[in-house]
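What the sequence shown shows, in numbering that gives the first Met the number 0, is residues 0 to 397, in sequence order. Notes follow once the structure below has been shown.
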Amino acid sequence: MSYDQSESRQWRASGRDAPVRLFLTGAEGDTGALAGAQAAGFPIELSMLDDGRLVEMEHLEGVAAAVIQVSVDNDATVKRFAELAAATNTPLLAAAFDPPLALVRTLVRAGAHDVIPLPLELDDLETSLKPVRAQFDADAVRAQASDSRMVTVIKAEGGVGATALAVQLATRFAASENKVGREVALLDLDVQFGDAAFQLGLRPKINLSDLIEAGNRLDGDLLRQAAAAHPSGLNILSAPEEITPLEALNSDRALALADIAMREFGTVFVDLPTNWTNWSLSLLAKSDLVLMVCELTIPSLHRARRQLDLLANQELGEVDIRVVVNRFEKGLFKKVTAEDAERVLGRPVAYTVVNDHATMTAAIERGVPIGEIRRRSPLSRDLDLLDAGIAAAMGLER
0 MSYDQSESRQ WRASGRDAPV RLFLTGAEGD TGALAGAQAA GFPIELSMLD
50 DGRLVEMEHL EGVAAAVIQV SVDNDATVKR FAELAAATNT PLLAAAFDPP
100 LALVRTLVRA GAHDVIPLPL ELDDLETSLK PVRAQFDADA VRAQASDSRM
150 VTVIKAEGGV GATALAVQLA TRFAASENKV GREVALLDLD VQFGDAAFQL
200 GLRPKINLSD LIEAGNRLDG DLLRQAAAAH PSGLNILSAP EEITPLEALN
250 SDRALALADI AMREFGTVFV DLPTNWTNWS LSLLAKSDLV LMVCELTIPS
300 LHRARRQLDL LANQELGEVD IRVVVNRFEK GLFKKVTAED AERVLGRPVA
350 YTVVNDHATM TAAIERGVPI GEIRRRSPLS RDLDLLDAGI AAAMGLER
């Protein structure tokens, strides 16, 4: 995976610490005094706009809400505000000098959570952000009260068998959860090369492309329609059929997909693409558990360590990341051991999955769980241990 570490952090934090960003021209008032302040529990960031420059979607990455200045005399700013409000789930507030009632109504109809008079005062901002704060807190309470969980699968590099492992693990996990009346979904967000549905012999009519195009119309009913049901009980939300640009998703859309999927299905496995994006980092930050899949080779371990260093640099070092060594082989003459891996990675190897290429390949070619190829095998045993370990880590009683 790769990511431009020279950029400032722009992935979306879903918790209390996400900032509110102000997009103002600073024509009047002491707007600089607002930078670094707090309103309704949100830290404030200031982004000064030059005359004529409009806010772009990427400017909204990583924020809890945004205040965008519009001009009574510039229809382009009002039109752009409406476009942004239609394209994002991030709460947007408009700010204007002496806005007439007609403009206020236009902005509210366009999706503005509130319209704040300029020059901007901290007390006014505090008042306007209180409903946003209340919604954030309510969402957090609902998340804590529910049985929803997210397990994200990332890979040290392409070709380590992470998707095949995720698919087989998710079917096994779903079968176990169904016995106690809970559902499981697999969200395939490898928008360019994802083939989780294909590996289980499924050809969904609705895929991720349709869910992205749905925009703000995305809801639980649409997600249910898109989910392909597997006999194991797993619900699969498949990747696009055609290679799709990574930027087709943004943090808002990715987090909305994950939130709705967890509300509908409870436990959601997410398979991420090899390359890092702001939206994939946002999902990682939201995850209850992350499985880092690598192999017991020097190049794979080196790339896994680079991944871990990147996540630490992005302030994601506290995320529960567990290393899974796939295609594991024991032997006296192995050049690299599990102990070597732990020294390189600076953390323990949580799970190993035996190298059984024949069984895994046969399962993929036939589109079935490995239990239908070999009912009892070392590979099945390792997947059982991984299944039980994940359930225990997330406090799921069976």
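Here a beta-carbon is modelled for each residue, glycine too, at the ideal position from N, C-alpha and C.
- Taking every protein chain shown into account, the CB of ALA101 has fewer than 16 other CB atoms within 10 angstroms, so this residue is exposed.
- DSSP places GLU57 in the helix class (H, G or I) of the three-state scheme.
- Taking C-beta atoms as the reference points, VAL269 and LEU186 count as a pair closer than 9 Å.
- Counting along the chain, the unbroken alpha helix (DSSP H) around PRO298 starts and ends at 297-312.
- Per DSSP, ARG326 is one residue of the beta strand (DSSP E) stretching across 320-327.
- Across the set PHE172, ASP122, GLN198, the C-alpha of GLN198 shows the shortest separation from the C-alpha of ALA362.
- Contact between ASP383 and VAL352 fails: their C-beta atoms lie close to 11 Å from each other, not under 8 Å.
- Excluding residues up to 5 positions away in sequence, nothing lies with its Cβ nearer than 6 Å to the Cβ of ARG216 in the same chain.
- Taken atom to atom, the span from the alpha-carbon of ALA34 to that of LEU117 is near 16 Å.
- Given a length threshold of 3 residues, each whole run of the beta strand (DSSP E) inside the stretch 73-107 is given here in chain order: 91-96.
- LEU233 carries a strand assignment under DSSP once its states are collapsed to helix, strand and coil.
- Looking at the DSSP output, ARG148 shares a beta bridge with THR266.
- Taking C-beta separations shorter than 8 Å and ignoring five residues to either side along the sequence, the partners of MET56 in its chain run LEU83, ALA86, THR87, ASN249, following chain order.
- Rounded to the nearest whole angstrom, the CA to CA distance from THR358 to ASP138 is 43 Å.
- Boundaries of the beta strand (DSSP E) harbouring ASP187: 183-187, taken from the DSSP string.
- DSSP places ARG342 inside the alpha helix (DSSP H), whose first and last residues are 337-344.
- The three-state secondary structure of ALA227, taken from DSSP, is strand.
- When only Cα atoms are considered, ALA94 and VAL69 end up about 6 Å apart.
- Taking 9 Å as the cut-off, the Cβ atoms of LEU271 and THR151 count as close.
- If you check the CB distance, GLU364 and VAL324 do not come in under 9 Å.
- Judged by DSSP secondary structure, LEU378 falls within the alpha helix (DSSP H) whose first and last residues are 377-392.
- Taking each of PRO42, SER175, HIS301, ASP49 in turn and checking the Cα distance to LEU395, the smallest one comes out for SER175.
- Across the set ALA253, ALA255, SER231, ARG304, the C-alpha of SER231 shows the shortest separation from the C-alpha of GLY370.
- For the pair GLY345 and ALA303, the Cα-to-Cα distance works out to about 11 Å.
- Rounded to the nearest whole angstrom, the CA to CA distance from ARG108 to ALA65 is 17 Å.
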